[in-house]
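Here full-length UniProt numbering is used: the first residue of the sequence shown is 1, the next is one more, and so on. All remarks here apply to the structure that follows.
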Amino acid sequence: MDIALRDHVFSSLLQFIDLFTLFLSISIESYIFLHKWNPTYHLFPMSCMLLLPALQRLLSMHRQVYLVDFSCTKPPSRFRAPIPLLLEHLSLMKVFDDASVAFMTKIITTSGMGDETCFPPSLHYIPPSPTHQDCIEEVHMDLFPALEDLLAKTNLSPRDIDVLVVNCSGFCPSPSLSSIVVHRFAMRDDVKTFTISGMGCSAGAIGIDVAQRLLKVHRRSYAVVLSTEIMSTGWYSGRDRRKLLLNCYFRMGGSAVLLTNRREAKGWSKYRLVRLVRTQRAFDDKSYLSAIREEDSEGITGFSIERNLLTVVAETLRSNAVAVGTSILPLREKLRYGVMRLCNKAAAPDFRTAIKHYCFPSSGKAVMKEIGKGLRVGEREMEPGLMTFHRFGNQSSASMWYQLAYMEAKGRVERGERVWQLGMGTGPKCNSLVWECLRGVMAKEAEKGPWEDCIHRYPVGEGQEDL
Ligand SMILES: CC(C)(COP(=O)(O)OP(=O)(O)OC[C@H]1O[C@@H](n2cnc3c(N)ncnc32)[C@H](O)[C@@H]1OP(=O)(O)O)[C@@H](O)C(=O)NCCC(=O)NCCSC(=O)CC(=O)O
């Protein structure tokens, strides 16, 4: 049976057992009460109710996937691209006409990006002429520091890793990105490796899906998921405005996440995977063509973002949010939303009744605010996404981990609280991860990471002076 179907059947069964036990207990209680039986008989339904959660926990224990820890690369500050310098750089590059520079200037200055985002070395040259070797070096700079930090934090050796998944949408070298990592870290000869390419900014969640499926069939294993985007290969030097947008948003970054299915890891892991929902609309022509890599009229390759992207985002997000809401929201909120829908009053349920923290796609202020509005969340829920974009730009599939690191650095994520990481990207796809925090992050841990030297300056934004 397909794993997703098996999971669905399993959770439906648990829900059915829940309802059945509740119904049985109420019936027995009523019967005992109406027939005035001995009060000790009340113990039976009561113990059923008490034993149920323990039974459920026992049934699902061997299926849990834990997120032990994660790390994000902090690009070296020598690669910074402060906005005034960047704008000058764009005109000095001599590859863009004045109209293209003016367009990128407008997009960058209104995007909500700050002065500390980083470009890879190849793009600091005038004119940029990224070679294959430049891209390989960028992979090293984005992924190696994150994985080194993760292994150091978790006291694991590279030889402890059983599964390795690497996400990078735009750069697909041979030997593969996962081979590059195995080579650098001298991993075992039986490590199961996967490289995900062409799957866009939502591939961070796809990588987690691949890893968690493998963890369902390989007992007592450790899986590492690495995510990055290589800018050297994605840079566009033409005049097509639809392709210039990515030059404006994408910046250096990379993340490493350690997952395991070892039961004992529950004691020291940070999160437990509660739900993973993937949806896509590649079946629909309009959606499929809304974000696509292609050549322009002059034969220069770039990634086009069409004007209908926001509509497509809304449609893709809707199907994904419905699936997440169905499985996560409390019955009370589902009922309230159902009634509001009947009265044509609410566009979305209140996800805050089930999920406290949110990581949104780092697509610039305009798109992030639309997504926040669509999900009916407030400024505080959008803050990690907006601030990550301000400090680091769009790092594609890695962005969601910088956002989680932001919340941890702020000391916001407490034990028992849930985090929703939402990835959206080409395909088009919308993928959601819902995590439950197993332990609050210690102050010492929170001080480290990509935000260590700047968290005190955030949030910044409208009404406040930018950095
Ligand atoms: C382009 C936007 C800033 C437009 O925002 P707004 O609608 O608020 O602003 P606006 O309408 O005033 O538009 C500002 C200027 O941009 C122009 N404009 C808007 N959309 C455009 C498009 N798709 N192509 C070319 N130009 C465009 C407008 O005509 C206007 O120019 P003028 O002022 O001259 O009239 C926004 O939609 C945006 O940020 N989109 C990109 C989102 C993104 O990066 N997603 C990441 C996907 S990455 C991805 O998908 C990759 C992957 O997964 O692999």
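Just so you know, even glycine gets a beta-carbon here, dropped at the ideal spot from N, CA and C.
Suppose contacts are defined by Cβ-Cβ distances below 7 Å. Is Glu370 in contact with Asp350 by that definition? The residue given as residue 370 occupies position 370 in the sequence shown. The residue given as residue 350 occupies position 350 in the sequence shown. Cβ distance not < 7 Å, so Glu370 and Asp350 don't count as in contact.
What do you reckon, are the CB atoms on Ser71 and Ala186 nearer than 7 Å? Within the sequence shown, residue 71 is the residue found at index 71, counting from 1. Within the sequence shown, residue 186 is the residue found at index 186, counting from 1. No, the pair does not count as a contact, with Cβ atoms beyond the cut-off.
7 Å Cβ cutoff met for Gly238 and Ile305: Start at 1 with the first residue of the sequence shown, and residue 238 comes out as number 238. Start at 1 with the first residue of the sequence shown, and residue 305 comes out as number 305. Going by C-beta atoms, Gly238 is not nearer than 7 Å to Ile305.
Is Arg241 near ligand 1, judged by its Cβ being under 6 Å from some heavy atom? As a first step, residue 241 is located in the sequence shown; it is residue number 241 there, counting from the start. Answer for Arg241: yes, Cβ within range of ligand 1.
Using DSSP with H/G/I as helix, E/B as strand and the rest coil, what is Ile455? Taking the first residue of the sequence shown as 1, we reach residue 455 at position 455. DSSP places Ile455 in helix when its eight states are reduced to three.
With distances taken between CB atoms, is the gap from Lys429 to Ser290 smaller than 7 Å? Numbered from its first residue, the sequence shown carries residue 429 at position 429. Numbered from its first residue, the sequence shown carries residue 290 at position 290. Against a cut-off of 7 Å, the Cβ pair of Ser290 and Lys429 comes out as no contact.
Could you check whether Cys359 and Met387 sit closer than 7 Å to each other, using their CB atoms as the reference points? Position 387 of the sequence shown, counted from the start, is the residue given in the question as residue 387. Position 359 of the sequence shown, counted from the start, is the residue given in the question as residue 359. No.
Whole alpha helix (DSSP H) runs in the region 389–448 with 4 or more residues, listed along the chain? 399–409, 443–447
Is it the case that the CB of Cys201 approaches a heavy atom of ligand 1 more closely than 6 Å? Taking the first residue of the sequence shown as 1, we reach residue 201 at position 201. Indeed, a heavy atom of ligand 1 lies less than 6 Å from the Cβ.
Among all the DSSP beta bridges, which residues are the ones paired with Tyr271? Sequence index remark: in the sequence shown, residue 271 carries index 271 (1-based). Its beta-bridge partners are Leu67, Cys437.
Got a sec? Which residues, its chain only, sit under 8 Å from Asp134 by beta carbon, not counting five neighbours each side? Within the sequence shown, residue 134 is the residue found at index 134, counting from 1. Excluding residues within five positions, the ones whose Cβ falls inside 8 Å are Pro120, Pro121, Ser122, Ser232.
How many Å lie between Cys454 and Lys106 at the Cα? As a first step, residue 454 must be located in the sequence shown, where it is residue number 454. As a first step, residue 106 must be located in the sequence shown, where it is residue number 106. Their Cα atoms are separated by approximately 26 Å.
For ligand 1, I want to know if Ala366 counts as a neighbour, meaning its beta carbon is within less than 6 Å of at least one of the ligand's heavy atoms. Locating residue 366 in the sequence shown gives position 366, where the first residue counts as 1. Because some heavy atom of ligand 1 lies under 6 Å away, the Cβ of Ala366 counts as near it: yes.
Buried or exposed, going by whether 16 or more other CB atoms sit within 10 Å of the CB of Met424? As a working note, residue 424 is residue 424 in the sequence shown. Buried: at least 16 other Cβ atoms inside 10 Å.
Go ahead and pull the three-state DSSP assignment for Arg332. Locating residue 332 in the sequence shown gives position 332, counting from the first residue. Note: Arg332 maps to helix in three-state DSSP.
First and last residue of the uninterrupted beta strand (DSSP E) at Cys359: Reading the sequence shown from its first residue, position 359 is the one you call residue 359. Looking at the DSSP string, the run of the beta strand (DSSP E) that includes Cys359 is 357–359.
Would you mind reading off the limits of the alpha helix (DSSP H) that contains Phe79? Translated into positions along the sequence shown, residue 79 becomes position 79. That residue, Phe79, is in no alpha helix (DSSP H); it is neither H nor E in DSSP.
Could you pull the DSSP bridge partners for Ser255 from this structure? As a first step, residue 255 must be located in the sequence shown, where it is residue number 255. Answer is Cys72, Ser227, bridged to Ser255.
Taking the CB atoms as reference points, tell me whether Thr195 and Val166 lie closer together than 7 Å. Residue 195 sits at position 195 when you count from the first residue of the sequence shown. Residue 166 sits at position 166 when you count from the first residue of the sequence shown. Yes. Within cutoff.
What whole-angstrom Cβ distance do residue 505 and Arg251 have, given they're in contact under 8 Å? There is no way to answer for residue 505, as the model of the chain reaches only from 1 to 467.
Given that a residue counts as buried once 16 or more other Cβ atoms are within 10 Å of its Cβ, and exposed if not, what is Ile3? Counting from one through the sequence shown, the residue named residue 3 turns up at place 3. Bear in mind that a pLDDT of 47 at Ile3, under 50, signals an unreliable position, so the model cannot answer this.
Mapping the DSSP letters down to three states, classify Gly463 as helix, strand or coil. Within the sequence shown, residue 463 is the residue found at index 463, counting from 1. With a pLDDT of only 46 at Gly463, under the threshold of 50, the placement of this residue in the model should not be trusted, and no figure is reported.
I need the boundaries of the beta strand (DSSP E) containing Arg293, first residue and last residue. The residue you call residue 293 lines up with position 293 of the sequence shown. Counting along the chain, the beta strand (DSSP E) containing Arg293 begins and ends at 291–295.
Once the 5 residues before and after Ala321 are set aside, which same chain residues still bring their CB inside 6 Å of it? Walking along the sequence shown from the start, residue 321 turns up at place 321. Once the five neighbours on either side are set aside, Ala321 has no close Cβ partner at all.
Answer yes or no: the CB of Gly423 versus the heavy atoms of ligand 1, is any distance below 6 Å? Translated into the one-based positions of the sequence shown, residue 423 becomes position 423. No, the Cβ of Gly423 stays beyond 6 Å of every heavy atom of ligand 1.
Spatial neighbours of Thr316 within its chain, please: CB distance less than 6 Å, with the 5 preceding and 5 following residues excluded, ordered by chain position. Walking along the sequence shown from the start, residue 316 turns up at place 316. Here the set comprises Arg281, Pro428, Cys430.
Look at the alpha carbon of Lys153 and the alpha carbon of Leu43, and state the distance between them as a whole number of angstroms. Mapped onto the sequence shown, residue 153 falls at position 153. Mapped onto the sequence shown, residue 43 falls at position 43. So the two alpha carbons sit approximately 48 Å from each other.
Per DSSP, what are the beta-bridge partners of Ile196 in this structure? Start at 1 with the first residue of the sequence shown, and residue 196 comes out as number 196. Answer is Asn167, bridged to Ile196.
Which of the three DSSP states is assigned to Arg376 in this structure? Taking the first residue of the sequence shown as 1, we reach residue 376 at position 376. Note: Arg376 maps to coil in three-state DSSP.
For Arg415 and Val217, I'd like the C-alpha separation in whole angstroms. Locating residue 415 in the sequence shown gives position 415, where the first residue counts as 1. Locating residue 217 in the sequence shown gives position 217, where the first residue counts as 1. In a straight line, the C-alpha of Arg415 is about 28 Å away from that of Val217.
Residues in the same chain with beta-carbon distance under 6 Å from Arg457, minus the five sequence neighbours each way, listed in chain order, please. Stepping through the sequence shown from its first residue, residue 457 is reached at position 457. None.
Assuming contact is defined by CB atoms lying nearer than 7 Å, are Asn261 and Val65 in contact in what I supplied? One-based indexing of the sequence shown puts residue 261 at position 261. One-based indexing of the sequence shown puts residue 65 at position 65. Result yes, Cβ atoms of Asn261 and Val65 sit closer than 7 Å.
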